[in-house]
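Structure first, commentary second.
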Amino acid sequence: MADLPKRVTIDEEGPREGFQSEKKMIPVADKVRLIEALAETGLTHIACVSYVNPKRVPTMADAEEVAAAIHRKPGIHYSALYLNQQGLERALRGPLDVEGSVRITASETFSRKNIGKSVADSLVEQRLSLKTFKDRGMPVKWGVVLGAFGCNYEGELSTELILQRCQQILDEAELAGFKLTGVKLTDAMGWATPQSVERLIGAIRNRWPELEISLHLHDTRGTGLPSAYAGLRLGVTKFDASVAGLGGCPFAATKGAAGNICTEDFAYMCEEMGIETGLDVERLIEVAKLAEQIVGRPLPGHVMRGGTLKAAKQKAAQKAAA
Numbered sequence: 027m028a029d030l031p032k033r034v035t036i037d038e039e040g041p042r043e044g045f046q047s048e049k050k051m052i053p054v055a056d057k058v059r060l061i062e063a064l065a066e067t068g069l070t071h072i073a074c075v076s077y078v079n080p081k082r083v084p085t086m087a088d089a090e091e092v093a094a095a096i097h098r099k100p101g102i103h104y105s106a107l108y109l110n111q112q113g114l115e116r117a118l119r120g121p122l123d124v125e126g127s128v129r130i131t132a133s134e135t136f137s138r139k140n141i142g143k144s145v146a147d148s149l150v151e152q153r154l155s156l157k158t159f160k161d162r163g164m165p166v167k168w169g170v171v172l173g174a175f176g177c178n179y180e181g182e183l184s185t186e187l188i189l190q191r192c193q194q195i196l197d198e199a200e201l202a203g204f205k206l207t208g209v210k211l212t213d214a215m216g217w218a219t220p221q222s223v224e225r226l227i228g229a230i231r232n233r234w235p236e237l238e239i240s241l242h243l244h245d246t247r248g249t250g251l252p253s254a255y256a257g258l259r260l261g262v263t264k265f266d267a268s269v270a271g272l273g274g275c276p277f278a279a280t281k282g283a284a285g286n287i288c289t290e291d292f293a294y295m296c297e298e299m300g301i302e303t304g305l306d307v308e309r310l311i312e313v314a315k316l317a318e319q320i321v322g323r324p325l326p327g328h329v330m331r332g333g334t335l336k337a338a339k340q341k342a343a344q345k346a347a348a
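First residue of the sequence shown? That's 27 in my numbering, and the numbers climb one at a time after it.
Below is the structure:
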């Protein structure tokens with residue numbers, strides 16, 4: 027087993043995946059305010075909007091308006107999600123950064139629920155997107171496997187199935203003239219456990235030792251951070267997270283679907299273990315409180331309430347000296 031990494035990269039998903047799951051519309055000004063506050067915390071990648079069908083995800087109907095209103099800070103990647111060619115074309119017309127990738131859903135049922143297409147049909151459609159990337163000279167380095175750890179519709183998914191899905195996206199990328207360097211494993215339905223993370227990452231590395239692995243974990247059943255820790259112990263250095271634990275997938279078939287692992291909680295845990303994140307946890311705590319104000323309800327983050335150990339130690343030292 028590898029040593030813990032010296033540094034990790036945390037990509038922020040709160041404004042995009044967080045706001046898309048809210049039942050009420052969040053004003054454009056509030057969405058932009060959160061994005062711009064996150065940009066002051068040391069984050070280098072912030073997912074801002076989803077270019078998706080507003081009939082299916084009404085809270086993203088203002089994606090173009092939000093994207094246009096952001097005052098961008100140099101050195102930060104402001105990204106948008108797209109799930110099909112139409113969404114990609116909307117993204118390319120806008121001011122946000124567009125990343126080339128190839129995506130596949132682990133289970134057929136979740137694929138139909140989430141993007142409205144079978145796995146096979148979604149891959150066929152993505153060939154248009156891959157051609158677009160090729161024509162524009164855009165790199166495609168990452169593949170994404172959605173729902174890689176289990177499915178609320180179909181139950182447990184075999185490791186062999188996920189390996190098959192990885193092979194499919196590698197093949198599609200190669201067919202389009204690209205060579206993937208990494209695969210992101212996502213868990214919108216909250217099935218990941220430390221054991222399943224170890225098993226799946228081990229299987230992928232046995233098959234493709236050259237591939238980098240990224241984790242996008244949700245905390246639906248409270249196993250998000252333990253699963254992230256398992257990833258750390260295996261040397262994973264790229265993670266998605268959501269400020270204050272904001273968000274969730276509206277198509278995950280989980281009552282009260284939780285968002286990604288909490289950004290400030292994960293950053294705090296890493297820093298306490300000597301793993302650099304480049305993030306200002308105290309500033310993240312303030313942004314987490316802002317997120318809570320914006321949505322108007324309690325959010326599940328822990329460090330935003332309990333504070334950091336650094337602050338607790340300083341307070342204890344002051345009391346001892348008094």
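Ideal placement from N, C-alpha and C gives every residue a C-beta, glycine not left out. Predicted model only: the values in this text are computed from it and were never measured.
Among the options, the one whose alpha carbon lies nearest that of residue i
i, options, result
"glycine 333", "Leu310, Ala317, Ala346", "Leu310"
"threonine 207", "Gly216, Asp197, Asp213", "Asp197"
"alanine 229", "Gln190, Asn178, Phe204, Asn286", "Gln190"
"proline 252", "Ile239, Asp123, Gly300, Cys296", "Cys296"
"threonine 35", "Leu316, Leu305, Ala338", "Leu305"
"glutamine 152", "Ala343, Lys139, Glu115", "Glu115"
"arginine 119", "Tyr77, Ala87, Ser133, Leu156", "Tyr77"
"serine 155", "Asp123, Tyr179, Ala55, Tyr108", "Tyr108"
"glycine 169", "His242, Ala89, Glu302, Thr85", "His242"
"cysteine 288", "Gly322, Lys339, Pro326", "Pro326"
"valine 58", "Ala73, Pro165, Asp213, Ala132", "Ala73"
"proline 80", "Glu66, Gly176, Gly113", "Gly113"
"glycine 248", "Pro220, Ala338, Met330, Glu91", "Pro220"
"leucine 64", "Lys341, Leu316, Gly216, Ala338", "Leu316"
"tryptophan 217", "Gly176, Gln193, Lys167", "Gly176"
"lysine 49", "Pro84, Asp37, Glu66", "Pro84"
Outcome for residue i when other beta-carbon atoms lying within 10 angstroms are tallied against a minimum of 16
i, result
"serine 184", "exposed"
"glutamate 43", "buried"
"alanine 146", "exposed"
"arginine 129", "buried"
"asparagine 232", "exposed"
"alanine 256", "buried"
"glutamate 200", "exposed"
"histidine 244", "buried"
"lysine 32", "exposed"
"alanine 270", "buried"
"methionine 299", "exposed"
"glutamate 290", "buried"
"glutamine 46", "buried"
"alanine 318", "It should be noted that the sequence gives glutamate, not alanine, for residue 318. Classification of glutamate 318: buried, given that the 10 Å Cβ count is 16 or more."
"lysine 336", "exposed"
"proline 53", "exposed"
"alanine 347", "exposed"
"glycine 282", "Because glycine 282 carries a pLDDT of 49, less than 50, the predicted location of this residue cannot be relied on, and no value is offered for it."
"glutamate 236", "exposed"
"aspartate 29", "exposed"
"aspartate 161", "exposed"
"glycine 273", "buried"
"glutamate 39", "buried"
"alanine 55", "exposed"
"alanine 89", "buried"
"glycine 181", "exposed"
"glycine 163", "exposed"
Residue i, enclosing alpha helix (DSSP H) - first and last residue
i, result
"lysine 57", "54 to 64"
"phenylalanine 265", "Unbroken run through phenylalanine 265 is the beta strand (DSSP E), 264 to 267; no alpha helix (DSSP H)."
"serine 148", "145 to 162"
"leucine 107", "Here leucine 107 belongs to no alpha helix (DSSP H); instead the beta strand (DSSP E) covers 103 to 108."
"phenylalanine 136", "134 to 141"
"isoleucine 96", "Note, isoleucine 96: premise wrong, no alpha helix (DSSP H); not H, not E."
"glycine 228", "220 to 233"
"valine 321", "307 to 321"
"alanine 337", "335 to 347"
"alanine 332", "Contrary to the premise, residue 332 reads as glycine rather than alanine in this sequence. Taken as a continuous stretch (DSSP letters only), the alpha helix (DSSP H) holding glycine 332 covers 329 to 332."
Strand pairing of residue i, partner residues [DSSP]
i, result
"lysine 210", "Val170, Ser240"
"tyrosine 255", "The partner list for tyrosine 255 (beta bridge, DSSP) is empty, contrary to what the question assumes."
"cysteine 288", "Ser268"
"aspartate 88", "DSSP lists no partner for aspartate 88."
"aspartate 123", "Ser105"
"cysteine 177", "Gly181"
"glutamate 302", "Arg33"
Delimiting residues of the beta strand (DSSP E) encompassing residue i
i, result
"cysteine 74", "71 to 77"
"isoleucine 36", "35 to 38"
"isoleucine 130", "126 to 131"
CB contact check: residue i to chain E, cutoff 8 Å
i, result
"asparagine 140", "Within the model displayed, chain E is absent; a lone protein chain is all it includes."
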